[in-house]
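All letters in the sequence shown, in the order written, are residues 1215 to 1404 by the working numbering.
For every residue, glycine included, the Cβ atom is placed at its ideal position computed from N, Cα and C.
Note that this is a predicted model, so its numbers are computed, not measured.
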Amino acid sequence: MEPSILDLLEKIRPRPAMYIGALSVTRLSAFLDGYRSAVCEFKGSFDDRSPLSFHDWAAMKLGHYESTSGWCNMLLETEKGDEEKAFAHFFELLDEYKNRRARIIQEAVPESGRPWRYRVVDIETDERVEIEYPSLVQIITYDDTRNGVFIRYLNKNGELIEREEYCSEMYLAICHTENFIDKDRWTFPE
């Protein structure tokens, strides 16, 4: 089993010049993209969901509405283009990300047969593939952060399906799930 991106980042942290040549968040992002591409090209797949959810984590922590610009651009914007400060800030966010603790705000069991809107494109076949229908949906927050919530879709074994989905407001999380979860189905765990 190849090391995860998180394992690789822990090797880069003490010796960034050896891997990317300078303290640069842009170079770090490019290096990680290249690593991911190489693994996909030569091994056929890459199953490391943590970098995907890290974009959303960065958006939440940095107060962005969404994560489409990616963690690198959000950090550069926050640090006013200073590559070294953004690089250092990346590892601060990474530590927080790895040590985060989820708190369930509410959860619901979706009704079977309701429309499930999530599909992905298979890189190898270029076909649309439907993601497994969730057995449980949770809306969670981390570390009592007030900047947004995440929707967590779990399968029948309690495992995460695909990734958590960031919503900058609770209202948006309810809107994202209303097509397959009625409002009265939500429960509020202690």
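Under a Cβ-count criterion, where at least 16 other Cβ atoms within 10 Å of its own Cβ denotes burial, should residue i be classed as buried or exposed?
i, result
"A1273", "buried"
"C1254", "exposed"
"A1244", "exposed"
"F1268", "buried"
Within the same chain, show all residues whose beta-carbon is closer than 7 angstroms to that of residue i, passing over the 5 residues directly before and after it, in chain order.
i, result
"R1241", "I1234, G1235"
"E1346", "N1369, I1375"
"C1286", "V1239, T1240, S1243"
Consult DSSP for residue i and reduce its assignment to one of helix, strand or coil.
i, result
"V1343", "strand"
"V1323", "coil"
"T1282", "coil"
"I1354", "strand"
"R1463", "Outside the shown range of the chain (1215 to 1404) lies residue 1463, about which nothing can therefore be said."
"E1241", "The identity of residue 1241 in the sequence shown is Arg, whereas the question assumes Glu. Helix, per DSSP."
"E1378", "coil"
"R1314", "coil"
"R1250", "helix"
Short check: CB of residue i to CB of residue j, under 8 angstroms?
i, j, result
"F1304", "V1351", "no"
"L1374", "S1349", "no"
"H1390", "I1354", "no"
"L1237", "F1301", "yes"
"G1277", "N1361", "yes"
Any heavy atom of the ligand ADP closer than 7 angstroms to the beta-carbon of residue i?
i, result
"A1316", "The model depicted lacks the ligand ADP and carries no ligand whatsoever."
Give the straight-line distance between the Cα atoms of residue i and residue j, rounded to the nearest whole angstrom.
i, j, result
"S1283", "L1289", "10 angstroms"
"S1251", "I1388", "35 angstroms"
"E1297", "M1384", "33 angstroms"
"Q1320", "N1313", "22 angstroms"
"L1307", "W1271", "8 angstroms"
"F1402", "F1256", "45 angstroms"
Could you pull out every residue in the same chain whose Cβ sits closer than 6 angstroms to the Cβ of residue i, ignoring the five residues on either side in sequence?
i, result
"R1328", "F1394"
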